[in-house]
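J.:
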Amino acid sequence: MVTIHIDGLPYEVEEGQNLLQACLSRGLNLPYFCWHPALGSVGACRQCAVKRFKSEKDERGEIIMACMTPAEAGVRISIDDPEVAAFRKSVIEWLMLNHPHDCPVCDEGGECHLQDMTVMTGHAYRENRFKKRTYPNQYLGAFLNHEMNRCIQCYRCVRYYHDYAGAGDLNVFASRDHVYFGRGRAGRLESGFSGNLVEICPTGVFTDKTLGRHYTRKWDLQTAPSVCVHCALGCNTIPGSRYGELRRVRNRYNHEVNGYFLCDRGRYGYEFVNCDRRIRAPLVRTSRGVEQVLVSTEDALKSAAAMLSERRKVIGIGSPRASLESNFALLRLVGPKNFHAGISDKELEVLNLIRDVLCLGAARTPTLSETAEAGAVFVLGEDVSNSAPLLALNLRQLPRRKAEIAMAKVKIPPWNDAPIQRIAEFEKGSLYIASPCATGLDEVASKSFHGDISELARLGFAVASVLDPANAPGVEGLTEKEKIRAGEIASALGGAARPLIVSGAGCASLALIEAAANICTALGKIGGQPQIFFALPEANSLGLALLGAAGGLETACSALRSGRADTVVVIENDLFRRCAEEKAIALFDSAKYLVAIDHLINPTTSKADLVLPAAAFAEASGTLVNNEGRAQRFYRVLVPEFEVKESWRWIRDIMRFLGRSEAEKWHRLDDLSVAMAALNPLFAGLVSVAPDADFRLAGGKIPRQAPRYSGRTAMRAHIDVFEQPPPDDPDTPLTFSMEGDPRQPPPSLIPRYWAPGWNSVQALNKFQQEIGGPLRGKDPGVRLIEPIPQARTEYFRDVPASAPKAEGEMSLIPLHHIFGSEELSALSPGVAELCPQPYVALNPEDASFLGLFEGALAKVGVEGLTCCLSVRIVPSLPRAVAGLPVGLRGAPVFELPASGTVVREATDE
Amino acid sequence: MLSILRTLWGVFLHMFRSRETIQYPEQNILDPPRFRGRIILSLDPDGQERCVACYLCSAACPVDCIALQAAQDVNGRRYPEFFRINFSRCILCGFCEEACPTYAIQLTNDFEFSEYDRNNMVYEKEDLLISGPGKHPDYNFFRVAGVAVGVKGKGESENELPPVDVRSLLP
Ligand code: SF4
Ligand code: SF4
Ligand code: SF4
Ligand code: SF4
Ligand code: FES
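Here the protein sequences come in this chain order: Y and F. Per the numbering used here, residue -11 is the first one in the first sequence, and the count goes up by one each step. Per the numbering used here, residue 56 is the first one in the second sequence, and the count goes up by one each step.
1) Does the count of Cβ pairs from the stretch 75 to 83 of chain Y and the stretch 33 to 52 of chain Y closer than 8 Å reach three?
2) Using a Cβ-Cβ cut-off of 7 Å (strictly less than) and excluding sequence neighbours within five positions of residue 626 of chain Y, which residues of its own chain qualify?
3) Is the separation between the beta-carbon of residue 220 of chain Y and that of residue 540 of chain Y shorter than 8 Å?
4) In chain order, what residues of the same chain lie with their CB nearer than 7 Å to the CB of residue 675 of chain Y, ignoring the 5 residues before and after it?
5) Residue 194 of chain Y: beta carbon under 7 Å from a heavy atom of ligand 2?
6) Which residues, in order along the stretch 151 to 177 of chain Y, keep a beta-carbon less than 9 Å from a beta-carbon of chain F?
7) Can you pull the DSSP bridge partners for residue 422 of chain Y?
8) Spell out whether any CB of chain F is found under 8 Å from the CB atom of residue 902 of chain Y.
9) For residue 897 of chain Y and residue 489 of chain Y, I'd like the C-alpha separation in whole angstroms.
10) Give a yes or no on whether 8 Å exceeds the smallest Cβ distance from residue 74 of chain F to chain Y.
11) What residues in the stretch 205 to 221 of chain Y have a beta carbon less than 9 Å from any beta carbon of chain F?
12) I'd like to know if residue 186 of chain Y contacts chain F, where contact means its C-beta is closer than 8 Å to some C-beta of that chain.
13) Which residues have a Cβ closer than 5 Å to any heavy atom of ligand 3, listed in chain order?
14) Closer than 8 Å, CB to CB, is residue 156 of chain F near chain Y or not?
15) Beta carbon of residue 149 of chain F: closer than 7 Å to some heavy atom of ligand 1?
16) So that I know if they touch, is there some Cβ in chain Y lying closer than 8 Å to that of residue 223 of chain F?
17) Below 8 Å, can you find three or more Cβ-Cβ pairs linking the stretch 828 to 838 of chain Y to the stretch 851 to 865 of chain Y?
18) Is residue 168 of chain Y near ligand 2, judged by its Cβ being under 7 Å from some heavy atom?
19) Closest to residue 706 of chain Y by C-alpha separation, out of F:146, F:157, F:127 and F:123, would be which residue?
20) What three-state label does DSSP hand residue 746 of chain Y in the structure shown?
21) How big is the Cα-Cα spacing for residue -8 of chain Y and residue 119 of chain F?
22) Buried or exposed, going by whether 16 or more other CB atoms sit within 10 Å of the CB of residue 21 of chain Y?
23) By DSSP's criteria, residue 629 of chain Y is part of a beta bridge. Which residues make up the other side?
24) Since residue 135 of chain Y meets chain F, which of its residues come closer than 7 Å, beta carbon to beta carbon?
25) Would you call the CB atoms of residue 92 of chain Y and residue 157 of chain F closer than 8 Å?
26) Which residues, taken in chain order from the stretch 86 to 98 of chain Y, show a beta carbon closer than 9 Å to some beta carbon of chain F?
27) Decide yes or no for the touch test of the stretch 158 to 165 of chain F against the stretch 94 to 107 of chain F: beta carbon pairs closer than 8 Å, at least 3 of them.
28) Any heavy atom of ligand 7 closer than 7 Å to the Cβ of residue 190 of chain Y?
29) Whose C-alpha, out of Y:583, Y:-4 and Y:410, is nearest the C-alpha of residue 30 of chain Y?
30) On a CA-only basis, which of Y:886, Y:709 and Y:49 is nearest residue 496 of chain Y? Give me that one, please.
31) Say yes only if the C-beta of residue 32 of chain Y is nearer than 7 Å to one or more non-hydrogen atoms of ligand 5, and no if none qualify.
32) For residue 269 of chain Y, which of Y:398, Y:218 and Y:634 has the nearest alpha-carbon?
33) Taking C-beta pairs closer than 8 Å, name the residues in chain F that residue 568 of chain Y reaches, listed in chain order.
34) To the nearest angstrom, how far is it from the Cα of residue 405 of chain Y to the Cα of residue 682 of chain Y?
35) Can you tell me which of Y:876, Y:868, Y:821 and Y:864 puts its alpha carbon nearest to the alpha carbon of residue 176 of chain Y?
36) With a threshold of 8 Å between beta carbons, is residue 198 of chain F in contact with chain Y?
In structure tokens:
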């Protein structure tokens, strides 16, 4: 901390920041455009001018750019000096010369940084008599709208999209006052992180197209803190609703998790909540083979009680996409021995192994934001660009971190973007990738290597044995090349501070996870500080594993078939996505009754004898456990119509109907947290995940609506002119109203970023301790898993052998897609547009050997199941390995990895 | 004493003054031009709906009695999908008219719209739209704003240059 003087007053600021950051951190208002905490400063917009004085006696001073000047001890500056204030006002005036005068139809309006800064500087009238420059716009795909006339040439978009997200298809064109920000030619933005442009661009050039289709201003959105449900990273989000519909998702800053960014799956996947496949009322089927009919809640509960009565042997099938509370309620309904995970036995085994490695492993799992700080990274068998997008975005910053360290030696601060970026552009990160085929990160990796899963695992084991040759199990039969590769990776990891091993459940391989754990154990033994990070498939995968299930789907199936059970309750899970169709059908046929609680019509709910409408994430509150073991609370942003309620509430009501005393105590969400914490020491932290429902700010609940929320007395007036009181929300300290204390709530309850004079997302500055640092208070979420001191020191010893394949045998491996592999986001129209059609990926040589080519039909066979898929040639795939995409609509469900056959489909010609 | 007499005299003289009281409803009210009565939505000079569904009127409304939803036509032109004013709440303050950037929403001289049933005081867009530009015959928002939206091409608004050639590097 150093002391600087701003307008004659001393302020303690963090050394090494720039003056703009320092001023904002101390709560002062200083306008800016081109600087962004995640992108650094370039001094392009000239908006952050302040006056610097040489000494106390200096009265003249000089105008400098705050964002380009380090905050050093004793600096004296003035923000309010009339000369510099006039300077800033005229800078805005220049920026606004060509402004198109279209705020009323601009989707940025009301949360526009340009509007805020214009008001802040006091510029009001355009006095220029000359004509305005105009630009053509481009079509940029389903996610973003482009309106170039609004641009103020701050360069943030290119610096984010090109430099930070590493995508090449958006750039700056032309020269002088004609510079143009767009694509070489119109077309969809290819990066999976394009949606962040909406928040990065300080004007309305890039706006959210999906919001535009049901446009609502920021002040009219009912918002609450939430958590992304589209992968296991658990990025924090702020969904917004209006008129009972979900309208958009925005980033919610969590310094330890997602920081400033979201991926497009998380930002644009929300529309499934509004889709026409939602279930809104209970449905009952009186006997198999007849149609389901609508029934009242009362009747539905009666049928449920009949189906689940004492005489029945009930098992439960939980879900990795349902909240912890819902899964727990189901576990209590059916009993721990009858609670099944809702994923295949194999996947559960993988998940359980990951859980055990995290709980007892040799390494701590870093937070998502810490992954960007690792000294060296080894990605083992996971395509993180597709299975954990934001992790990929973080790992992409490794070259930049390297450049920052190099430049620190010549005293260039890390926020000085231009020189650091010039170096980072040509750097590779200390990143090693071993994956089945090319991943989006290969281009920034020092080395990448592609092989069959068992080869990757062997490489992992080999790295561990190089690091700790005395104890770690050796790998037999490595080629020279593989030995060199393992040696190189081992020396990079061994020599780095805080090396990070990334693996995951993407390949569903136990050996890969064991290899990753072994590397950490070995690194720990040689005195390093290893970290391990697992990418997991779904929002609550780890929560489900921590809860503990008796088995997966196959176990459930055999329980039914053997008569140990006759009734199934499935929550928020489509079993037809989890196992082959035959298996799912067999499961239904052997069950006397099937009760499904879900929010979507899908093959499972269509087959159920009783369907209860569950609330989707935006309509419910609950807790999810992300892949680092961080429990995070999400809050409802809208009140569902009709009979829709949280799965745990349905289960509770059924239990009460059945006279189970336990459920009598479950009045609100917090009661389940307490119950979970009492039953399972792993969940002890749950009670402090967020303030409980009794929390009050200055005696009131925290409003989900902004003070300017409009239409309160008119939106329902066409139904009934008399206004209703706001709906009750017993589960949370938030209210569906605009009344409440305007002060900042604790971080886990922040419903929106807004501060006087700061209507845009940049208001976030007012919520952070230091700009770019943790939120005031503590970043939301509680880590349930912290490394145990007497960590695991044993090695896993099952090194897979390199088995030669039989003639014609192929190893079939799962491939993940950022758009398409996740069930819920794929139902949103924008995302659906980007989902690939089912295919089988082949190496070009294998393909030509089989007489196949791109687009040809191939017959894929695994364990008696066959299906026809069109061929996609993927040069980076190893020989005798075929890739099958996971989770795509219309694709058959195979249990992967497996060995199988791919042959040419005989066609008639 | 004197002051009482003077007052009586003053009152007596009033008998010969012309009357202020208007015999409403027999007699019509001549109301001032800036009177704030029943609210309407106007059309722009091209005859298209003027409201661009910007939500500024609803935000300005102190009793929150305006609710609307923006929609977009095929050209991207914004218009209100529905536009509702609950006149049983409206205090006729005119803030909406002041907030409106397009002169779409205007207060008129009409105040004769009482109802026995409050539900009948809820006006939808069809009830609010009139067939002309109202008090502002000339203003056409989309002729001034830079968006194209099918009304004109890029660079064809008032005071605009033709779109730049982004492939040109000439100084
Ligand atoms: S970018 Fe901002 S200032 Fe420009 S039209 Fe949009 S809202 Fe208005
Ligand atoms: S498009 Fe937006 S981010 Fe890019 S230069 Fe223009 S104003 Fe800045
Ligand atoms: S990375 Fe995962 S959690 Fe984060 S926004 Fe994307 S899908 Fe959601
Ligand atoms: S302020 Fe005017 S343009 Fe905007 S929504 Fe209201 S009536 Fe329409
Ligand atoms: S923010 Fe400092 S010059 Fe742009």
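Quick reminder that beta carbons are idealized off the backbone N, C-alpha and C, glycines included. Owing to the predicted nature of the structure, the values given are computational and were not obtained by experimental measurement.
T.: Reading from the atomic positions:
1) yes
2) 210, 229, 232, 234, 606 and 607
3) no
4) 661, 662 and 665
5) yes
6) 161, 162, 163, 164, 165, 166, 167, 168 and 170
7) Y:368 and Y:437
8) Outside the shown range of chain Y, which is -11 to 897, sits residue 902 of chain Y, and nothing can be said about it.
9) Its pLDDT being 48, under 50, residue 897 of chain Y is placed unreliably by the model, and the measurement read from it follows with that caveat. So the two alpha carbons sit approximately 51 Å from each other.
10) no
11) 205, 207 and 208
12) no
13) Y:216, Y:218, Y:219, Y:221, Y:223, Y:250, Y:251, Y:253, Y:254, Y:377 and Y:378
14) yes
15) no
16) yes
17) yes
18) no
19) F:123
20) strand
21) 46 Å
22) buried
23) DSSP, once it has assigned bridges, lists no residue as partnering residue 629 of chain Y.
24) 202
25) yes
26) 86, 87, 88, 89, 90, 91, 92, 93, 94, 97 and 98
27) yes
28) Within the structure as shown, ligand 7 is missing, the only ligands being ligand 1, ligand 2, ligand 3, ligand 4 and ligand 5.
29) Y:410
30) Y:886
31) yes
32) Y:634
33) Within chain F, no residue comes near residue 568 of chain Y; the closest Cβ sits about 44 Å away, beyond 8 Å.
34) 46 Å
35) Y:821
36) no
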